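**Q**
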Amino acid sequence: MGRYEFLEDVALADCAVEIEGRCLDDLFETAAAAIARLMVDPATLAITVERTINLEAPERDMLLYDWLSEMIFLKDRDSQIFPHARVRVTGEGPYRLTADVHGGTIDPEHTALGADPKAVTFHQFALERASGGWRARVVIDI
Amino acid sequence: MKITESLRSTVKRVDDCIWEIPPEAKSGMLVPARLYASGPLLEQMDDGVFEQVANVACLPGIVRASLCMPDGHWGYGFPIGGVAAFRADSGVISPGGIGFDINCGMRLIRTGLTEDEVRPRLHELIAALFGTVPAGVGAKGFVRLSGSEFKKVMVEGAGWCVARGYAWPEDLAHIEGRGCLPGADPEAVSARALERGMEQLGTLGSGNHYLEIQVVRPGAIHDEDAAHVLGVEGAVQVFVMLHCGSRGFGHQVGTDYLKVFDLAMKQYGISVGDRELACAPFRSKEGQAYFGAMTAAANTAFANRQVITHRIREAFAKVFGRDACALGLGVVYDVCHNTAKLERHVVDGRERELVVHRKGATRAFGPGEPDVPADYQEIGQPVIIGGSMETGSALLVGTARAMAETWGSTAHGAGRTMSRAQAKRRIGGETLIKDMEARGIIVRAASKSGVAEEASFAYKDLTAVVDTLHRLDISRPVVSLTPIGNIKG
Numbered sequence: 102m103g104r105y106e107f108l109e110d111v112a113l114a115d116c117a118v119e120i121e122g123r124c125l126d127d128l129f130e131t132a133a134a135a136i137a138r139l140m141v142d143p144a145t146l147a148i149t150v151e152r153t154i155n156l157e158a159p160e161r162d163m164l165l166y167d168w169l170s171e172m173i174f175l176k177d178r179d180s181q182i183f184p185h186a187r188v189r190v191t192g193e194g195p196y197r198l199t200a201d202v203h204g205g206t207i208d209p210e211h212t213a214l215g216a217d218p219k220a221v222t223f224h225q226f227a228l229e230r231a232s233g234g235w236r237a238r239v240v241i242d243i
Numbered sequence: 045m046k047i048t049e050s051l052r053s054t055v056k057r058v059d060d061c062i063w064e065i066p067p068e069a070k071s072g073m074l075v076p077a078r079l080y081a082s083g084p085l086l087e088q089m090d091d092g093v094f095e096q097v098a099n100v101a102c103l104p105g106i107v108r109a110s111l112c113m114p115d116g117h118w119g120y121g122f123p124i125g126g127v128a129a130f131r132a133d134s135g136v137i138s139p140g141g142i143g144f145d146i147n148c149g150m151r152l153i154r155t156g157l158t159e160d161e162v163r164p165r166l167h168e169l170i171a172a173l174f175g176t177v178p179a180g181v182g183a184k185g186f187v188r189l190s191g192s193e194f195k196k197v198m199v200e201g202a203g204w205c206v207a208r209g210y211a212w213p214e215d216l217a218h219i220e221g222r223g224c225l226p227g228a229d230p231e232a233v234s235a236r237a238l239e240r241g242m243e244q245l246g247t248l249g250s251g252n253h254y255l256e257i258q259v260v261r262p263g264a265i266h267d268e269d270a271a272h273v274l275g276v277e278g279a280v281q282v283f284v285m286l287h288c289g290s291r292g293f294g295h296q297v298g299t300d301y302l303k304v305f306d307l308a309m310k311q312y313g314i315s316v317g318d319r320e321l322a323c324a325p326f327r328s329k330e331g332q333a334y335f336g337a338m339t340a341a342a343n344t345a346f347a348n349r350q351v352i353t354h355r356i357r358e359a360f361a362k363v364f365g366r367d368a369c370a371l372g373l374g375v376v377y378d379v380c381h382n383t384a385k386l387e388r389h390v391v392d393g394r395e396r397e398l399v400v401h402r403k404g405a406t407r408a409f410g411p412g413e414p415d416v417p418a419d420y421q422e423i424g425q426p427v428i429i430g431g432s433m434e435t436g437s438a439l440l441v442g443t444a445r446a447m448a449e450t451w452g453s454t455a456h457g458a459g460r461t462m463s464r465a466q467a468k469r470r471i472g473g474e475t476l477i478k479d480m481e482a483r484g485i486i487v488r489a490a491s492k493s494g495v496a497e498e499a500s501f502a503y504k505d506l507t508a509v510v511d512t513l514h515r516l517d518i519s520r521p522v523v524s525l526t527p528i529g530n531i532k533g
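Line by line, the protein sequences give chains A and B. All residue numbers for the first sequence refer to this note's numbering, where the first residue is 102 and numbers rise by one. All residue numbers for the second sequence refer to this note's numbering, where the first residue is 45 and numbers rise by one.
Here is the structure:
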């Protein structure tokens with residue numbers, strides 16, 4: 102997996118995160134781990150749920166936007182968080198994502214809760230090639 | 045967005061607490077940007093505020109100036125504390141000028157109880173409230189709705205709650221717009237938004253959202269006459285304050301339309317300094333669809349705060365053994381701070397229809413305005429400003445000056461000065477909860493780390509914000525409220 106870092110000096114009331122991956126698939130997998138970590142302590146989440154997610158977007162960055170938005174959507178609709186993902190991004194526009202995600206349902210008695218993200222913003226939103234792979238910056242409204 | 049120190053350096057003082065960035069300061073600015081702040085509050089604003097308030101000044105159809113209230117801080121798109129009015133006939137509407145939490149707002153409920161009556165049962169009361177008002181990540185409400193019933197909520201807002209027994213009929217008069225904004229269009233809402241929000245009615249959320257038990261301390265009433273009109277009878281009276289919004293439903297509406305506007309801008313030949321300011325002409329197909337969906341979310345937020353009010357009344361009745369009516373649990377007021385509304389304001393001596401965006405800014409209509417409740421006509425619309433969970437909040441009223449200066453708008457909170465991570469490094473959630481209990485404030489929270497993020501040192505001094513609003517005469521302080529109990533997500 103790649104690496105992610107929550108940034109402190111961007112949009113104080115929200116949550117900015119920088120994500121790096123060796124390839125696009127790796128970056129998307131790391132992004133899922135980052136947003137899951139924002140919402141809960143994954144160590145306190147029983148991994149009991151598997152799903153397959155398919156997305157399509159006209160641009161690569163919009164695919165990332167939709168991917169993170171899907172994680173937020175599933176948190177609200179199904180109370181489920183997915184720290185682990187196997188992602189495959191294909192296509193040259195439109196871009197397609199197929200992901201097998203593993204996670205669990207929030208149990209308020211056992212799951213250490215974090216922030217409750219509302220949405221992915223376009224503020225400073227970027228997905229770009231970097232030396233050795235890909236890098237993204239995302240500000241999440243919490 | 046590149047943050048430049050140079051924009052801060054272009055700010056000129058035009059009055060005691062009014063500062064201006066001239067249109068020449070940044071390419072594309074159509075009007076000046078105005079920041080309302082005392083000198084020290086301006087100093088505390090982060091550089092992002094100056095860039096963002098200038099970006100808003102570049103949007104098509106903006107009237108007079110792009111404004112930032114004294115609690116302004118770096119947000120996304122608009123700054124938090126941003127206010128801007130656009131011509132309804134030729135201007136734009138922007139989801140980034142409202143925020144994802146559509147109609148996030150404040151509600152204040154009075155009680156006929158004193159601190160002496162509440163204090164012995166405070167732990168029990170906080171536990172009852174924590175048990176009955178779901179909070180935190182993934183929480184679901186107790187109201188079960190079909191899709192068609194949820195669409196009624198979108199159209200009727202708090203009024204829907206009356207027929208369902210979740211509201212007293214007299215509650216509606218004390219809600220901005222009577223808890224139902226016109227123009228809601230459920231057909232403009234996506235199926236995903238419905239799915240996401242349908243089970244969340246009556247939930248608090250997380251972040252800086254809270255439900256607080258507050259008390260009026262001796263010396264905290266600043267305007268006896270206005271306080272009396274608002275049902276503040278004296279020191280030691282207990283109040284309940286609520287801060288939350290439209291939950292996942294509104295968040296999804298914002299997400300959906302941000303993408304729509306991102307594409308539509310090309311079609312309308314609009315470019316923006318921050319992609320989060322994606323916008324479309326208000327009268328365009330996309331603009332009208334968003335306005336209909338956004339209003340549906342705003343009405344759902346009114347219903348959300350109303351359902352929570354119902355649960356608060358139930359909890360008080362259970363703990364104190366008297367019904368909520370006998371306990372005097374009436375709504376003082378409910379006010380939005382994340383909306384765009386069609387309003388009529390005087391521009392260059394002529395009344396015009398404007399789309400007034402308020403993002404982290406509260407409407408503050410003055411005495412005599414038609415949308416101010418009949419019993420508050422003489423004092424102006426109540427303004428509820430939430431402070432930090434440790435230090436307290438404030439009740440103010442709108443003024444005629446606000447109508448003339450800020451499109452009838454004022455601040456909404458204290459404004460952050462520290463990142464959430466910094467706050468968590470400085471104090472742990474458990475430690476803060478214990479500290480607060482030692483000071484007489486009982487806290488129950490779904491997330492301990494979330495409590496640490498909301499520590500008082502992460503915010504500006506609310507007194508300084510309120511004093512500045514008073515000096516500007518865009519709202520008038522009535523009473524300060526001190527927390528004694530807090531429920532957080």
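Just so it is clear, CB atoms sit at the ideal spot from N, CA and C, and this is done for glycine as well. What you are looking at is a predicted structure, and each value in this text was computed from that prediction instead of being measured.
Quick one: grab the DSSP three-state call for B/Asn-530.
**A** Indexing the second sequence from 1 puts residue 530 of chain B at position 486. Strand at B/Asn-530.
**Q** Looking at the C-beta of A/Met-140, does it have a partner C-beta in chain B at a distance below 8 Å?
**A** Numbered from 1 along the first sequence, position 39 holds the residue referred to as residue 140 of chain A. Closer than 8 Å to some Cβ of chain B, the Cβ of A/Met-140 qualifies, so yes.
**Q** If we cut at 8 Å on Cβ distances, does A/Ala-144 have a partner in chain B?
**A** Translated into positions along the first sequence, residue 144 of chain A becomes position 43. No, because no Cβ of chain B sits closer than 8 Å to the Cβ of A/Ala-144.
**Q** Check whether the stretch 393 to 409 of chain B touches the stretch 114 to 129 of chain B, counting contact only when three or more Cβ pairs, one atom from each stretch, lie closer than 8 Å.
**A** yes
**Q** Report the residue from B/Gly-331, B/Leu-85, B/Asp-229, B/Gly-374 whose alpha carbon sits nearest the alpha carbon of B/Met-285.
**A** By one-based count along the second sequence, residue 285 of chain B stands at place 241. Out of B/Gly-331, B/Leu-85, B/Asp-229, B/Gly-374, the CA that lies nearest to the CA of B/Met-285 is found in B/Gly-374.
**Q** Using 8 Å as the limit for Cβ to Cβ distance, is A/Val-202 near chain B?
**A** Taking the first sequence and counting its residues from 1, the one referred to as residue 202 of chain A is at position 101. No, because no Cβ of chain B sits closer than 8 Å to the Cβ of A/Val-202.
**Q** Can you give me the Cβ contacts of B/Leu-536 inside the same chain, cut-off strictly under 7 Å, excluding the 5 residues immediately before and after it?
**A** The displayed coordinates of chain B run from 45 to 533. Any statement about residue 536 of chain B would go beyond what the structure contains.
**Q** In chain order, what residues of the same chain lie with their CB nearer than 7 Å to the CB of B/Leu-302, ignoring the 5 residues before and after it?
**A** As a working mapping, residue 302 of chain B is identified with position 258 in the second sequence. Here the set comprises Pro-139, Ala-322.
**Q** Are the C-beta of B/Tyr-301 and some C-beta of chain A separated by less than 8 Å?
**A** Position 257 of the second sequence, counted from the first residue, corresponds to residue 301 of chain B. Not an interface residue.
**Q** Give the single residue among B/Leu-111, B/Trp-118, B/Pro-104 whose Cα lies nearest to the Cα of A/Ala-114.
**A** Residue numbering aside, residue 114 of chain A sits at position 13 when the first sequence is read from its first letter. Considering only alpha carbons, the answer is B/Trp-118.
**Q** Please tell me whether B/Leu-216 and B/Arg-222 are closer than 8 Å, where the distance is taken between their beta carbons.
**A** As a first step, residue 216 of chain B is located in the second sequence; it is residue number 172 there, counting from the start. As a first step, residue 222 of chain B is located in the second sequence; it is residue number 178 there, counting from the start. Cβ atoms of B/Leu-216 and B/Arg-222: closer than 8 Å.
**Q** Using a threshold of 8 Å, state whether the C-beta atoms of B/Gly-298 and B/Phe-174 are closer than that.
**A** Along the second sequence, one-based indexing puts residue 298 of chain B at 254. Along the second sequence, one-based indexing puts residue 174 of chain B at 130. Not a contact, by the Cβ cut-off of 8 Å.
**Q** If you draw a straight line from the alpha carbon of B/Asn-382 to that of A/Glu-106, how long is it in whole angstroms?
**A** In the second sequence, counting from the first residue as 1, residue 382 of chain B sits at position 338. In the first sequence, counting from the first residue as 1, residue 106 of chain A sits at position 5. Rounded to whole angstroms, the gap between the alpha carbons of B/Asn-382 and A/Glu-106 is 29 Å.
**Q** Going by CA-CA distance only, name the one from A/Asn-155, A/Arg-230, A/Thr-206 that's closest to A/Pro-92.
**A** For residue 92 of chain A there is no data in the structure shown, the boundaries of chain A being 102 and 243.
**Q** Over what stretch of residues does the alpha helix (DSSP H) that includes A/Leu-165 continue unbroken?
**A** Position 64 of the first sequence holds residue 165 of chain A. 161 to 179 is the extent of the alpha helix (DSSP H) around A/Leu-165.
**Q** For a cutoff of 8 Å on Cβ pairs, would you count B/His-272 as touching chain A?
**A** Sequence index remark: in the second sequence, residue 272 of chain B carries index 228 (1-based). With 8 Å as the cut-off, B/His-272 does not count as an interface residue toward chain A.
**Q** Quick check for students: name the residue ranges of the beta strand (DSSP E) that lie wholly in the stretch 215 to 279 of chain B, counting only runs of 3 or more.
**A** 254 to 259
**Q** Assuming A/Pro-218 and A/Ile-136 make a contact with CB atoms under 8 Å, what is their CB distance in whole Å?
**A** Reading the first sequence from its first residue, position 117 is the one you call residue 218 of chain A. Reading the first sequence from its first residue, position 35 is the one you call residue 136 of chain A. With a Cβ gap of about 7 Å, A/Pro-218 and A/Ile-136 count as contacting.
**Q** Could you please give me the residues that DSSP links to B/Ala-172 through a beta bridge?
**A** The residue you call residue 172 of chain B lines up with position 128 of the second sequence. In the DSSP output, where bridge partners are listed per residue, B/Ala-172 has none listed.
**Q** What number of angstroms, rounded off, separates the C-alpha of B/Lys-504 from the C-alpha of B/Val-93?
**A** Mapped onto the second sequence, residue 504 of chain B falls at position 460. Mapped onto the second sequence, residue 93 of chain B falls at position 49. Distance between the alpha carbons of B/Lys-504 and B/Val-93 is about 15 Å.
**Q** Which of the three DSSP states is assigned to B/Asp-517 in this structure?
**A** Indexing the second sequence from 1 puts residue 517 of chain B at position 473. Coil.
**Q** Between which two residues does the beta strand (DSSP E) containing B/His-389 stretch?
**A** To locate residue 389 of chain B, count along the second sequence from 1; it is residue 345. Here the beta strand (DSSP E) through B/His-389 covers 382 to 391.
**Q** Suppose contacts are defined by Cβ-Cβ distances below 8 Å. Is B/Ala-490 in contact with B/Gly-180 by that definition?
**A** Sequence index remark: in the second sequence, residue 490 of chain B carries index 446 (1-based). Sequence index remark: in the second sequence, residue 180 of chain B carries index 136 (1-based). Yes.
**Q** Going by beta carbon distance, what residues of the same chain come within less than 6 Å of B/Val-97, once the five residues before and after it are set aside?
**A** For this step, residue 97 of chain B is matched to residue 53 along the second sequence. Answer for B/Val-97: Ala-77, Ser-110, Cys-112, Pro-123, listed in chain order.
**Q** In angstroms with no decimal places, state the Cα-to-Cα distance between B/Met-45 and B/Glu-474.
**A** Within the second sequence, residue 45 of chain B is the residue found at index 1, counting from 1. Within the second sequence, residue 474 of chain B is the residue found at index 430, counting from 1. Bear in mind that the predicted position of B/Met-45 carries a pLDDT of just 47, short of 50, making it unreliable; the figure below should be weighed with that in mind. Each residue's alpha carbon lies about 37 Å from the other.
**Q** Would you grab the beta carbon distance between B/Gly-410 and B/Thr-443 for me? Rounded to a whole angstrom, and I think it's under 8 Å.
**A** Working through the second sequence from its first residue, we reach residue 410 of chain B at position 366. Working through the second sequence from its first residue, we reach residue 443 of chain B at position 399. Yes, they are in contact, since the Cβ atoms of B/Gly-410 and B/Thr-443 sit about 5 Å apart, within 8 Å.
**Q** To which residues of the same chain is B/Gly-201 closer than 6 Å at the C-beta, ignoring the five residues directly before and after it?
**A** Position 157 of the second sequence, counted from the start, is the residue given in the question as residue 201 of chain B. Counting only Cβ-Cβ distances below 6 Å, and skipping sequence neighbours, we find Gly-223, Cys-224, Asn-343, Phe-346, Ala-347.
**Q** When you compare only the Cα positions, how much space is there between B/Ile-471 and B/Asp-60?
**A** Translated into positions along the second sequence, residue 471 of chain B becomes position 427. Translated into positions along the second sequence, residue 60 of chain B becomes position 16. Looking at the two C-alpha atoms, the distance is approximately 37 Å.
**Q** When DSSP builds the beta bridges, which residues end up paired with B/Thr-13?
**A** There is simply no residue 13 of chain B to check, as chain B begins at 45 and stops at 533 in what is shown.
**Q** Chain B beta carbons: is any one of them nearer than 8 Å to that of A/Ile-120?
**A** The residue you call residue 120 of chain A lines up with position 19 of the first sequence. By this cut-off, A/Ile-120 is not an interface position.
**Q** For B/Thr-155 and B/Val-273, which I take to be in contact (beta-carbon distance under 8 Å), what is that distance rounded to the nearest angstrom?
**A** The residue labelled residue 155 of chain B in the question sits at position 111 within the second sequence. The residue labelled residue 273 of chain B in the question sits at position 229 within the second sequence. Not really, about 17 Å apart at Cβ, beyond 8 Å.
**Q** Determine, using beta carbons only, whether B/Pro-114 and B/Leu-513 come nearer to each other than 8 Å.
**A** Counting from 1 along the second sequence, the entry for residue 114 of chain B is found at position 70. Counting from 1 along the second sequence, the entry for residue 513 of chain B is found at position 469. A distance below 8 Å separates the beta carbons of B/Pro-114 and B/Leu-513.
**Q** Report the rounded CA-to-CA distance for A/Glu-151 versus A/Ile-182, giving the unit in angstroms.
**A** Position 50 of the first sequence, counted from the first residue, corresponds to residue 151 of chain A. Position 81 of the first sequence, counted from the first residue, corresponds to residue 182 of chain A. Distance between the alpha carbons of A/Glu-151 and A/Ile-182: 11 Å.
**Q** For A/Gly-215, which residues in chain B fall below 8 Å Cβ to Cβ?
**A** Translated into the one-based positions of the first sequence, residue 215 of chain A becomes position 114. What A/Gly-215 touches in chain B: Val-181, Ser-491, Ser-493, Gly-494.
**Q** Below 8 Å between beta carbons: does that hold for B/Ser-290 and B/Asn-147?
**A** Looking up residue 290 of chain B in the second sequence gives position 246. Looking up residue 147 of chain B in the second sequence gives position 103. Yes. Within cutoff.
**Q** Strictly under 8 Å for the Cβ-Cβ distance: is A/Ser-232 near chain B by that measure?
**A** Translated into positions along the first sequence, residue 232 of chain A becomes position 131. Chain B contact via Cβ: absent.
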